[in-house]
């Protein structure tokens, strides 16, 4: 698989983007088409820890989860659903375990599809286990295990293949705790993109061989780390303006999957997916107000604005008053989808999209940038230098700063403004030469970050 | 496109409640008056390692004892930073950069004197077995060092056996464990049970990611740390005589 960089926008203007419609819809699984005029819930779950003791226990747990979700879908009359299984480490480290789970889940989904005609698909997300105790080990034995896991789950029933890849994280963790914007740019925009290019060409190859879909990645390891450290309005761990700079930089990084053969739907926790959708035209999964079971954010409505799949991120499987957790959350997700699908069918989708966006637009610098109109502008900055992974990531960060500097209606604290001013100045002071930036960073971080191993990136 | 006035829809409480002083102004009020010490405190606040060393060199040249400088100015300067962090005036990255600068200063003082300073106590930190997410642990370790504690860092994905051995060997006043995932946090219970079996009793502060108070409350040595900044506060409380029950009363707020 070759890497084909995006140098143009898929949409001619921001207003063209809505939920449930993508320029390049994806057919997957059992009669499902994603981004083809309707939205679908994507239900995520985690087994209870004790279920991970043996393969048999784990398979039984996922069978219960799958039956519970499918049964609730039918009981409440929902037409489609996607299930996402994010592997616990045992399932990726032992590819046969992941395969057994995928097979068991798909068997149940096929029964429901056959009996009720419910459209459905199964996403499997092996863990990015490419590391040992001290160092990332992105290329080598662990990579072989990850690819074997993809191969086996694809063979056994998974329709959509995803991963939350870790490339660049060793530098990012160091940089984010030191307000080091060039470091974040190097980690996410350069190292992350390089690793994704390497990894996703291989995943796309497996998908092609097995006749399934190479779906997409997310910068969970970095941009979400920044978002979680930034936390709520009163948390004092990271300026929210820096968290959104990290997010903007993560868009060209996550875009790399689709340049290396993935076709969507992108992974749910990639809040950068709104920018990726604007550029690629591929369907995207999002999470927000219905992923509060997993984490808080400051854009729960807004992030739903252009979703194709609508997710709950993850919830541990156990009982609640309203059924099991997966039943409760799948029902909530699907009612949201029913509302969006009603808007689509009645021609009111842009009104609902704008209501969702407007309700959170000024809640935070993060939501302000991820509002679809501003996200589109960040996308334009990326494709302007689409062939250069450093320049396009720098452009994304700078455009994010420019939009915030010229924002109207968004109140920011002095601290947020100070961090924004510092980031803006640092971007402006950066070289425009990719090679210079890469070699300067290589020297700096090789000296400062003991766990950085350039060979992980073919450097 | 629809733009709606935010009034009545949301409130950015961080803007509404913002302190009037800038961090620099707030810090300036707290710097020591001594002309030898003030530049060192300023350099720690700014996170400028070279300036810290320069200030220490000047103080030593003026006759100050290098080891005494650790308590007399490096810890004093760092406390200004952590106090401002606790008050919400500055953010975590400032603390991390200041801690880097202060630790560099401590190493310099040690090398100048050839002696080691007395710390407030020893704390063993680790990330749960099976978990490689260590940013939370790095924050905890930095904040503990910044508060004057000696930290023995066992790293990430730390086997239970290794934790038990380290507690036996180092005899720390507190053990901390961080985990991002619900699937790995169960290692904490195993650590707890093995410590209890071995007759070892010490506060075991656990936090991070999906770890919650309900879970930590199920094992006898566990104390839930919701924020990384709770770690030095918990250590200070232990020094002041708090036992596990007292720590739970103070830190289990849910």
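Protein chains in written order, with the numbering used here: chain A, 40 to 498; chain B, 75 to 328.
The C-beta atom is built at its ideal place from N, Cα and C for all residues, glycine as well.
Margin query: Please confirm whether residue 111 of chain A has its beta-carbon closer than 7 Å to some beta-carbon of chain B.
Written below: no
Notebook entry, point to check: In chain order, what residues of the same chain lie with their CB nearer than 6 Å to the CB of residue 231 of chain A, ignoring the 5 residues before and after it?
Noted result: 206, 207, 292
Next item on the list: Compare the C-beta of residue 171 of chain B against all C-beta atoms of chain A and say whether one is closer than 7 Å.
Entry: yes
Next item on the list: Identify which residue in B:76, B:313, B:317 has its Cα closest to the Cα of residue 195 of chain B.
Entry: B:313
Check: Can you find a C-beta in chain B that's less than 7 Å from the C-beta of residue 107 of chain A?
Finding: no
Next item on the list: Show which residues of chain B have a CB atom less than 9 Å away from the CB atom of residue 278 of chain A.
Entry: 165, 167
Notebook entry, point to check: Residues of chain A with CB under 7 Å from residue 206 of chain B, in chain order?
Noted result: 170
Notebook entry, point to check: How would you list, in chain order, the residues of chain A whose beta-carbon sits under 7 Å from the beta-carbon of residue 96 of chain B?
Noted result: 453
Next item on the list: Label residue 83 of chain B either buried or exposed according to how many other C-beta atoms from any shown protein chain fall within 10 Å of its C-beta, with 16 as the threshold for buried.
Entry: exposed
Checklist line | Residue environment, residue 114 of chain A, which counts as buried when at least 16 other CB atoms sit within 10 Å | finding: exposed
Check: So, residue 283 of chain A versus residue 405 of chain A, is the Cβ gap smaller than 7 Å?
Finding: yes
Margin query: Using 7 Å as the threshold, is the C-beta distance between residue 388 of chain A and residue 397 of chain A below it?
Written below: no
Next item on the list: List the residues of chain B that residue 144 of chain A touches, going by C-beta distances under 9 Å, in chain order.
Entry: Per Cβ cutoff of 9 Å: no residues; residue 144 of chain A is ~18 Å from chain B at best.
Notebook entry, point to check: What separation, rounded to the nearest whole angstrom, lies between the Cα atoms of residue 102 of chain A and residue 110 of chain A?
Noted result: 12 Å
Next item on the list: Kindly indicate which three-state DSSP category residue 379 of chain A falls into: helix, strand or coil?
Entry: helix
Note to self: Any contact between the region 139-153 of chain A and the region 122-131 of chain A? By contact I mean 3 or more CB pairs, one from each, below 8 Å.
What the structure shows: yes
Next item on the list: Could you check what DSSP says for residue 465 of chain A in three-state terms: helix, strand or coil?
Entry: helix
Notebook entry, point to check: How many angstroms separate the CA atom of residue 116 of chain A from the CA atom of residue 410 of chain A?
Noted result: 32 Å
Note to self: Counting only Cβ pairs nearer than 7 Å, list the residues of chain A close to residue 256 of chain B.
What the structure shows: 85, 88, 355
Margin query: Just to check my reading of the structure: residue 253 of chain B and residue 283 of chain B have Cβ atoms closer than 8 Å, yes? What is that Cβ distance to the nearest angstrom?
Written below: 6 Å
Next item on the list: Report all residues from its chain with a CB closer than 7 Å to the CB of residue 123 of chain B; omit the five preceding and five following residues, and keep chain order.
Entry: 174, 175, 178
Note to self: Let's test the definition: count the other Cβ atoms within 10 Å of the Cβ of residue 190 of chain B and tell me whether it reaches 16, buried, or not, exposed.
What the structure shows: exposed
Margin query: So for residue 121 of chain A, helix, strand or coil by DSSP?
Written below: strand
Notebook entry, point to check: Beta-carbon of residue 127 of chain A versus every beta-carbon of chain B: anything under 7 Å?
Noted result: yes
Note to self: List, in chain order, every chain A residue whose beta-carbon is nearer than 8 Å to that of residue 77 of chain B.
What the structure shows: 397, 400, 448
Next item on the list: Using only alpha-carbon positions, find the residue among B:96, B:203, B:305, B:159 that is nearest to residue 247 of chain B.
Entry: B:305
Next item on the list: For residue 218 of chain A, return the contacting residues in chain C, with the cut-off set at a CB-CB distance below 7 Å.
Entry: Absent from the structure: chain C. Protein chains present are A and B.
Next item on the list: Would you mind reading off the limits of the alpha helix (DSSP H) that contains residue 280 of chain B?
Entry: Run containing residue 280 of chain B: none in the alpha helix (DSSP H); it sits in the beta strand (DSSP E), 278-281.
Next item on the list: Quick one: grab the DSSP three-state call for residue 97 of chain B.
Entry: helix
Item checked: Chain-ordered residues of the region 287-306 of chain B with a beta carbon less than 7 Å from chain A -> none
Check: At which residue ranges does the region 153-204 of chain B contain complete beta strand (DSSP E) runs of 3 or more residues, listed in the order of the chain?
Finding: 196-201
Item checked: Residues near residue 309 of chain B in its chain [Cβ-Cβ closer than 8 Å; skip 5 each side] -> 194, 195, 197, 218, 221, 223, 247, 248
Margin query: Between which residues of its own chain and residue 141 of chain B is the CB-CB distance below 7 Å, once the five residues before and five after are set aside?
Written below: 183, 187, 189, 191
Check: Which residue from A:179, A:393, A:185 puts its Cα closest to that of residue 497 of chain A?
Finding: A:179
Check: Quick one: complete beta strand (DSSP E) runs, 3+ long, within the region 204-259 of chain A?
Finding: 252-255
Notebook entry, point to check: Going by Cα to Cα distance, which pick from A:327, A:332, A:351 is closest to residue 343 of chain A?
Noted result: A:327
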